[in-house]
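Undergrad: This is the structure, below, for whatever I ask next.
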């Protein structure tokens, strides 16, 4: 006799549906593709670390993402506009924070550079390696002209401290401007200047000073993409907790910090007039305070915002 209840065909159909449901539940979720700005150069050292750390964070976030480069190279202004629009042209960038950027985009407030983008060493011409030998304070720095990207926060920071700046929209053009004598120096982050000096014969790393202002390199996403921001934050926190963040950071920058000899340089402190509220300075584990030389008496209070 046939068992009471549902007819035979529906019972078989339900059984098959149950099996299919279990298979779907067991299958890995499809990864969401996210786009990172395509680097200007192949094997760009400026992109290498942020991308490697982002892959690590996404892996540890527990959320399936596939990281790819955007199809075309864009200026930084264009990238920031694409992210602010939130239409998928670019989904995430690693860049210095500012009030304007945090107003327009969503920041993951973990300084992936440990604050080292605020430690700037001058790149100079090879025949001007003692240009900064007599520069002991901000007044001396104001007598020399620097070069910066026109859309970089550093430009506003230097100008806010009365330092002359010639800005350009082309990153590579700044090295040409320095070689041609149109600017006196090009201040670069202590963790990026080594490869840049090696790639530009005729230029050299100054031996005398380091310029410092408080800042942070964050990941930024669209304000409409809190899910991605939460995943990146969760993954970075996991990497910090298990030590993989520290290992990657030291692998990339340990030698550069040793070669910079910051303890043998005069430190010229600047204020950061673009510094937003909410910089997580109370979390000391997120920051690296290099052993640096004596501070110049500039009168600037670097930990406070200029108004």
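Residue numbers (mature numbering (1 follows the signal peptide of the UniProt record, and there is no 0)): -31 to -1, 1 to 276. Backbone N, C-alpha and C fix where the C-beta goes; we use that ideal spot for every residue, glycine too. Here the structure is a predicted model, which is why all the values come from computation and not from measurement.
From what residue to what residue does the beta strand (DSSP E) around residue 79 run?
TA: Segment: none, residue 79 is in no beta strand (DSSP E) and carries neither H nor E.
Undergrad: If you scan the region 204 to 266 from start to end, which runs of the beta strand (DSSP E) of 3 or more residues do you find wholly inside it?
TA: Correct list: 235 to 238.
Undergrad: Under DSSP, the beta strand (DSSP E) around residue 113 begins and ends at which residues?
TA: Residue 113 -> no beta strand (DSSP E), and no H or E assigned at all.
Undergrad: Measure the C-alpha to C-alpha separation of residue 232 and residue 260 and round it to an integer number of angstroms.
TA: Going from the Cα of residue 232 to the Cα of residue 260 covers about 5 Å.
Undergrad: Taking Cβ positions, are residue 92 and residue 154 nearer each other than 9 Å?
TA: Cβ atoms of residue 92 and residue 154: closer than 9 Å.
Undergrad: Give every residue of the same chain whose Cβ lies closer than 6 Å to the Cβ of residue 96, excluding the five residues on either side of it in the sequence, and list them in chain order.
TA: Result list for residue 96: empty, nothing under 6 Å.
Undergrad: Does the beta-carbon of residue 63 have 16 or more other beta-carbons within 10 angstroms, so that it is buried, or is it exposed?
TA: Answer is buried; the Cβ neighbour count reaches 16.
Undergrad: Please list, in chain order, all residues of the same chain as residue 53 whose beta carbon is under 7 Å from its beta carbon, the five residues on each side excluded.
TA: Around residue 53: 73, 74, 191.
Undergrad: Along the chain, where does the alpha helix (DSSP H) that runs through residue 27 open and close?
TA: That run of the alpha helix (DSSP H) goes 14 to 30.
Undergrad: Can you tell me whether residue 276 is helix, strand or coil according to DSSP?
TA: Any answer about residue 276 is weak, because its pLDDT of 30 lies below 50 and its placement is not dependable; what the coordinates show is given next. Coil, per DSSP.
Undergrad: With residue 122 as the anchor, note down where its alpha helix (DSSP H) starts and where it stops.
TA: First-last of the alpha helix (DSSP H) with residue 122: 122 to 129.
Undergrad: Output the distance between the C-alpha atoms of residue 144 and residue 6, rounded to the nearest integer angstrom.
TA: Spanning the two alpha carbons is a distance of roughly 22 Å.
Undergrad: Taking 7 Å as the limit between beta carbons, can you name the residues of its chain near residue 243, skipping five residues before and five after?
TA: Counting only Cβ-Cβ distances below 7 Å, and skipping sequence neighbours, we find 67, 68, 122, 125, 126.
Undergrad: Look at the alpha carbon of residue 79 and the alpha carbon of residue 24, and state the distance between them as a whole number of angstroms.
TA: Each residue's alpha carbon lies about 15 Å from the other.
Undergrad: Quick check: what's the CA-CA separation for residue 3 versus residue 263?
TA: Those two C-alpha atoms are separated by around 44 Å.
Undergrad: Just verifying my parser: in three-state terms, what is the DSSP assignment at residue 164?
TA: If DSSP states are grouped into helix, strand and coil, residue 164 belongs with the helices.
Undergrad: With DSSP run on the structure shown, which of helix, strand or coil describes residue 52?
TA: It is helical.
Undergrad: Is residue 45 a contact residue of the ligand ATP, with contact defined as CB to any heavy atom under 8 Å?
TA: Here there are no bound small molecules, and the ligand ATP is not part of this structure.
Undergrad: Take residue 89 as the anchor and find which of 177, 141, 39 has the nearest alpha-carbon.
TA: Checking every option, the nearest Cα to that of residue 89 belongs to 177.
Undergrad: What does DSSP give as the partner residue(s) for residue 156 in the beta ladder?
TA: Paired residue(s): 91.
Undergrad: Could you check if residue 258 is buried or exposed, using at least 16 other CB atoms within 10 Å of its CB as the buried criterion?
TA: By the 10 Å Cβ count, residue 258 comes out exposed.
Undergrad: Which word fits residue 171, buried or exposed, when buried means at least 16 other C-beta atoms lie within 10 angstroms of its C-beta?
TA: Answer is exposed; the Cβ neighbour count stays below 16.
Undergrad: To the nearest angstrom, how far is it from the Cα of residue 245 to the Cα of residue 71?
TA: The alpha-carbon atoms of residue 245 and residue 71 are separated by roughly 8 Å.
Undergrad: Look at the Cβ atom of residue 255, then the Cβ atom of residue 209, and state whether they are nearer than 9 Å.
TA: In this structure, residue 209 lies closer than 9 Å to residue 255 by Cβ.
Undergrad: With distances taken from CA atoms, which of 112, 12, 214, 139 is nearest residue 119?
TA: The residue with the shortest Cα to Cα distance from residue 119 is 139.
Undergrad: Beta-carbon within less than 6 Å of residue 111's beta-carbon, same chain only, minus the 5 sequence neighbours each way: which residues are those?
TA: Excluding positions up to five away in sequence, the list reads 131, 132.
Undergrad: Residue 36 lies in the beta strand (DSSP E); which residues open and close that run?
TA: Note, residue 36: beta strand (DSSP E), 34 to 38.
Undergrad: Using C-beta distances below 8 Å, list every residue in its chain close to residue 148, excluding the 5 sequence neighbours before and after it, in chain order.
TA: Counting only Cβ-Cβ distances below 8 Å, and skipping sequence neighbours, we find 94, 169, 171, 172.
Undergrad: Out of curiosity, what's the CA-to-CA distance linking residue 224 and residue 184?
TA: Roughly 22 Å separates the two Cα atoms.
Undergrad: Spatial neighbours of residue 222 within its chain, please: CB distance less than 6 Å, with the 5 preceding and 5 following residues excluded, ordered by chain position.
TA: For residue 222, where only same-chain residues beyond five positions count, the Cβ hits under 6 Å are 160.
Undergrad: Who are the Cβ neighbours of residue 146 in its own chain at under 6 Å, not counting the five residues just before and after it?
TA: Cβ neighbours of residue 146 beyond the five flanking positions: 116, 152.
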